[in-house]
Each structure stands twice: as structure tokens, then as C-alpha cells.
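Enquirer: The sequence shown runs contiguously to residue 108 in the numbering used here.
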Amino acid sequence: RPYCKFGDIIVPSVVRNSTVMTCNAPSRKNVSKVNLEVSIDGSNYTFDRVPFRFSRNIVIDYIKYNRGPVSGGSRMEIHGEFFLDYMAQTYLLVNFNGSQLTPARFV
């Protein structure tokens with residue numbers, strides 16, 4: 002059985018095809034950076050030391066300009082906490098109604 006290893010925590014994995022493997026990151030009590038390794042057989046793990054960062058969950062305090070036309074395009078401001086943990090991301094998306102992902106940016 003395949004596995005992912007986040008630092009010292011091992012979780013089950015699923016091989017999707019010859020180039021894709023998926024697993025769910027375990028929970029952590031603290032913000033931390035660990036090495037991610039994978040194993041196809043549960044015994045032999047990679048030694049690539051791929052960094053994986055556990056960050057705090059973003060907290061939304063309030064939304065300024067929380068209305069707009071159905072045609073979209075309205076500017077809005079999302080105020081909250083822990084956004085800085087994600088600023089290194091190459092992209093930022095906001096999810097509306099669980100289905101539409103809209104590009105966003107930090108200001």
C-alpha cells in the first residue's frame with residue numbers, strides 16, 4: 002500500500018496514475034514546515050525532502066462591499082487573520098457558493 006510521510010507522520014495514499022499520487026495532510030497543532038516523502042510499498046520512502054508547510058487556517062472577520070450585480074466584476078475586501086501565511090502562493094482564489102473560483106490578490 003502507498004503512503005505519504007509528512008515529517009514523522011505517515012498517512013495512506015492513493016496512486017491515481019503513473020505520475021499522480023494523492024494523500025490528505027494530517028492535522029498539526031502548530032505552524033511548521035516538514036519534509037514530504039512518498040512510498041509505493043510502505044517501506045521504501047523517497048529522500049527528496051520536498052518542503053510542505055502547515056499554516057494556520059485563514060479567519061474571515063468581515064467582508065466590505067458584500068453586494069454586487071449578478072454580472073460580477075465588483076471589487077470587495079475580505080478582512081481577517083493569517084492571510085500573510087499564504088502570501089507566498091503564486092495565486093490566490095476566492096470560492097463563491099462552493100463552485101466558482103475567482104482570482105484574487107493581496108492589497
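Virtual Cβ for every residue (Gly too), placed ideally from N, Cα, C. A quick note: this is a predicted structure, and the numbers were derived from the prediction, not measured.
Could you spell out where the beta strand (DSSP E) holding D62 opens and where it closes?
Expert: Looking at the DSSP string, the run of the beta strand (DSSP E) that includes D62 is 60-65.
Enquirer: With a threshold of 7 angstroms on Cβ separation, who are the neighbours of R29 within its own chain once the five nearest residues in sequence on each side are excluded?
Expert: Here the set comprises F55.
Enquirer: Whole angstroms is fine: what's the gap from E78's alpha carbon to F48's?
Expert: Each residue's Cα considered, the two are about 42 angstroms apart.
Enquirer: Taking the alpha-carbon positions, what's the K65 to L94 distance?
Expert: Rounded to the nearest angstrom, the two C-alpha atoms are 17 angstroms apart.
Enquirer: Report buried or exposed for S14, applying the criterion of at least 16 other Cβ atoms within 10 angstroms of its Cβ.
Expert: So S14 counts as buried.
Enquirer: Could you pull out every residue in the same chain whose Cβ sits closer than 6 angstroms to the Cβ of R50, ignoring the five residues on either side in sequence?
Expert: Cβ within range, chain order: N36.
Enquirer: Please report the distance separating the alpha-carbon of R106 from that of S44.
Expert: Roughly 42 angstroms between the two C-alpha positions.
Enquirer: Can you tell me whether E38 is buried or exposed? The criterion is at least 16 other CB atoms within 10 Å of its CB, across all chains shown.
Expert: Its Cβ being crowded by 16 or more others within 10 Å, E38 is buried.
Enquirer: I'd like the span of the beta strand (DSSP E) that includes Y4, first residue to last.
Expert: Run containing Y4: 4-7, per the beta strand (DSSP E) assignment.
Enquirer: Please report the Cβ distance between V16 and C24, rounded to the nearest whole angstrom; I am assuming they are in contact, meaning their Cβ atoms lie under 8 angstroms.
Expert: Going by Cβ atoms, the distance from V16 to C24 rounds to 10 angstroms, so no, they are not a contact pair.
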